[in-house]
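Asker: Numbering (the working numbering), first residue to last: 1373 to 1518.
Please find one structure pasted underneath; my questions will follow.
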Amino acid sequence: MAKWGVKHILTPPYHPASNGLAEKAVGIVKDKLKKMDCSGNPLDLHIMVQTVLRYYRATPHTSTDQTPYELIGNAPIPVMFPQLVSTQKTLMETRRHSIPKNKFGSARSFSVGDIVLVYDPVSKLNAYGLVTVEKGNNSYTIDMDG
1373 MAKWGVKHIL TPPYHPASNG LAEKAVGIVK DKLKKMDCSG NPLDLHIMVQ TVLRYYRATP
1433 HTSTDQTPYE LIGNAPIPVM FPQLVSTQKT LMETRRHSIP KNKFGSARSF SVGDIVLVYD
1493 PVSKLNAYGL VTVEKGNNSY TIDMDG
């Protein structure tokens, strides 16, 4: 594993939270095998696991927008019908661009002296306040007294 740049980190035994990603991957494979109604035959199990892994490796992840195969192999997954894949990618791109990125619009910015409506999670009430200090990116000090 060292020749591929993988650092081996030991975790406490019987503590799934410390190895969450691996537990999630095992859960995904087990769930897919249950849905495929896999029999106890070792040959069937081997074929089903290979099928599940192929689909998993060819599916783009939402966090990276890439497939695991692309991340590891630095290349798109080889396919028998490249034209079909390019048509599918074009369709996915058009769908992605048709969905608005943020339905609430862009982040608001305020200046010192602006009157703003503030939600108090303790009292569950809204109240007006005055921006007194701009602390940073979308972070302000609000005077609620006056």
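Cβ coordinates follow ideal geometry from the N, Cα and C atoms, glycine included.
From this set, Thr1436, Met1516, Thr1383, Glu1465, which residue's C-alpha is nearest Ala1499's C-alpha?
Answerer: Nearest C-alpha to Ala1499: Met1516.
Asker: Is the shortest distance between the beta-carbon of Met1408 and the beta-carbons of chain C less than 9 Å?
Answerer: Of the protein chains in this structure there is only one, and it is not chain C.
Asker: Mind checking Val1451: buried by the 16 CB within 10 Å criterion, or exposed?
Answerer: By the neighbour-count rule (16 or more Cβ atoms within 10 Å), Val1451 is not buried but exposed.
Asker: Can you grab the Cα-Cα spacing for the pair Glu1506 / Tyr1491, in whole Å?
Answerer: Approximately 18 Å between the Cα atoms of the pair.
Asker: Can you give me the start and stop residues for the alpha helix (DSSP H) that Val1401 sits inside?
Answerer: It spans 1392-1407 - the alpha helix (DSSP H) in which Val1401 sits, taken as one unbroken run.
Asker: From what residue to what residue does the beta strand (DSSP E) around Asp1492 run?
Answerer: Counting along the chain, the beta strand (DSSP E) containing Asp1492 begins and ends at 1487-1492.
Asker: Considering only DSSP beta bridges, list what Asp1515 is partnered with.
Answerer: Leu1502.
Asker: Answer yes or no: do Leu1405 and Leu1417 have a C-beta to C-beta separation smaller than 9 Å?
Answerer: Result yes, Cβ atoms of Leu1405 and Leu1417 sit closer than 9 Å.
Asker: Spatial neighbours of Pro1384 within its chain, please: CB distance less than 8 Å, with the 5 preceding and 5 following residues excluded, ordered by chain position.
Answerer: Counting only Cβ-Cβ distances below 8 Å, and skipping sequence neighbours, we find Ser1390.
Asker: Since Thr1431 and Thr1423 are thought to touch, with beta carbons under 8 Å apart, how far apart are those beta carbons, to the nearest angstrom?
Answerer: Actually they are not in contact, since the Cβ atoms of Thr1431 and Thr1423 sit about 13 Å apart, beyond 8 Å.
Asker: How long is the line joining the alpha carbons of Asp1403 and Asn1510, rounded to whole angstroms?
Answerer: Cα-Cα distance, rounded: 41 Å.
Asker: Check the DSSP bridge columns for Leu1497 and list the partner residues they point to.
Answerer: Leu1497 pairs with Asp1492.
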